[in-house]
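Q: Residues 0 to 164 (numbering that gives the first Met the number 0) make up the sequence shown, in order.
Note that CB positions come from ideal geometry on N, CA and C, so glycine has one too.
These numbers come from a predicted model, not from an experiment.
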Amino acid sequence: MLERALRVGAGGAVLFEASPAGLSRIVLAGEVRPGDEPRAAEGASTPAGAALLAWFSGDPAPLLALGPDPRVFEAASPFRAAVWREAMRVPWGTTVTYGRLAAALGKRCARAVGRALGANPLPLLVPCHRVVRADGSEGGFSAGRGWKSFLLELERTRTPERSRI
Numbered sequence: 000m001l002e003r004a005l006r007v008g009a010g011g012a013v014l015f016e017a018s019p020a021g022l023s024r025i026v027l028a029g030e031v032r033p034g035d036e037p038r039a040a041e042g043a044s045t046p047a048g049a050a051l052l053a054w055f056s057g058d059p060a061p062l063l064a065l066g067p068d069p070r071v072f073e074a075a076s077p078f079r080a081a082v083w084r085e086a087m088r089v090p091w092g093t094t095v096t097y098g099r100l101a102a103a104l105g106k107r108c109a110r111a112v113g114r115a116l117g118a119n120p121l122p123l124l125v126p127c128h129r130v131v132r133a134d135g136s137e138g139g140f141s142a143g144r145g146w147k148s149f150l151l152e153l154e155r156t157r158t159p160e161r162s163r164i
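(1) Can at least three beta-carbon pairs, one atom from the stretch 127 to 136 and one from the stretch 13 to 22, be found at a separation below 8 Å?
(2) Just how far apart, CA to CA, sit Gly-138 and Ser-44?
(3) Verify whether the separation of the beta carbon atoms of Glu-30 and Gly-11 is less than 8 Å.
(4) At which residues does the beta strand (DSSP E) containing Ser-18 begin and terminate?
(5) Which two residues bound the contiguous alpha helix (DSSP H) that contains Gly-92?
(6) With the cut-off set at 8 Å, would you say Ser-141 and Pro-122 are in Cβ contact?
(7) Between the stretch 109 to 118 and the stretch 61 to 81, do at least 3 Cβ pairs fall closer than 8 Å?
(8) CA-CA distance, Gly-98 and Asp-35?
(9) Under 8 Å between the Cβ atoms of Leu-22 and Pro-90?
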């Protein structure tokens, strides 16, 4: 069952599903704009909700410590799982192109990388918003371009104090 961790601006929300093994799903819903402020919602009192709230405050460490439920990666194709793991290596506040992410996997398939990221069930934890087009433009995002712009701007303006990225 999805729980609401945050409300963002007038119409955005961050929902999540977690098990004792870790996060199994994160949903970025609604419309957001750069500069919108996140605020706690009902699910923020759970460990996963608190970790998501910390992430939006500029501290990714609690979310990284919580980690993904291993079953999420086990259920994915080997290629998707490899893309998601490689995306998790992209540091907070930086971006990488789809092509460079493919090259890091020893492949030449930027579009396939984009499709794998589009199927990512754990945005933020698997930071697919940090992957951009070869020309530096943002490109697509499963939750919409508003969310991608919002997340990239948030990471540019909030420096993690104790990031493990």
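A: On the basis of the data shown:
(1) no
(2) The sequence position of residue 138 within the sequence shown is 139, counting from 1. The sequence position of residue 44 within the sequence shown is 45, counting from 1. Roughly 34 Å between the two C-alpha positions.
(3) The residue given as residue 30 occupies position 31 in the sequence shown. The residue given as residue 11 occupies position 12 in the sequence shown. Going by C-beta atoms, Glu-30 is nearer than 8 Å to Gly-11.
(4) Counting from one through the sequence shown, the residue named residue 18 turns up at place 19. Start and end: 11 to 18.
(5) Reading the sequence shown from its first residue, position 93 is the one you call residue 92. It is not in any alpha helix (DSSP H) - Gly-92 carries neither H nor E in the DSSP assignment.
(6) Counting from one through the sequence shown, the residue named residue 141 turns up at place 142. Counting from one through the sequence shown, the residue named residue 122 turns up at place 123. Yes, they are a contact pair.
(7) yes
(8) Residue 98 sits at position 99 when you count from the first residue of the sequence shown. Residue 35 sits at position 36 when you count from the first residue of the sequence shown. Using only the alpha carbons, I get a separation of about 31 Å.
(9) The sequence position of residue 22 within the sequence shown is 23, counting from 1. The sequence position of residue 90 within the sequence shown is 91, counting from 1. Contact: no.
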